[in-house]
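Asks: Before I ask anything, let me first share the structure, which is written out below as structure tokens.
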Amino acid sequence: MMLTLTILLFLIAGFVLVMHNRPDWWSSLTHWLHIRTSMLRPEISIVELIILIGVLLILFKLYF
Numbered sequence: 185m186m187l188t189l190t191i192l193l194f195l196i197a198g199f200v201l202v203m204h205n206r207p208d209w210w211s212s213l214t215h216w217l218h219i220r221t222s223m224l225r226p227e228i229s230i231v232e233l234i235i236l237i238g239v240l241l242i243l244f245k246l247y248f
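Read in order, the letters of the sequence shown correspond to residues 185 to 248 in my numbering.
In structure tokens form, the structure reads like this:
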């Protein structure tokens, strides 16, 4: 279980870092998936909160 959580944590961190440093990849990904970013604006903050809560829960589970 710990290995799965560690891998998930690294995958989430890698995804966030790549999309932060290469925003053109994010726009090509949303274009490829036929997602309009103007429709995502309210939901992006919700997704960010879910990712943040997930990362915090994984860190808590790994170290406590």
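Virtual Cβ for every residue (Gly too), placed ideally from N, Cα, C.
Being a predicted model, the structure only gives us computed values, none of them experimental.
#1: Would you report the Cα separation of Thr188 and Ser212, rounded to the nearest angstrom?
#2: Are Leu195 and Ile242 closer than 8 Å when you measure CB to CB?
#3: How many angstroms separate the CA atom of Met185 from the CA atom of Phe244?
#4: Give the range of the alpha helix (DSSP H) segment to which Leu189 is assigned.
Replies: In brief:
#1: 29 Å
#2: no
#3: 13 Å
#4: Element bounds for Leu189: Met186 to Asn205.
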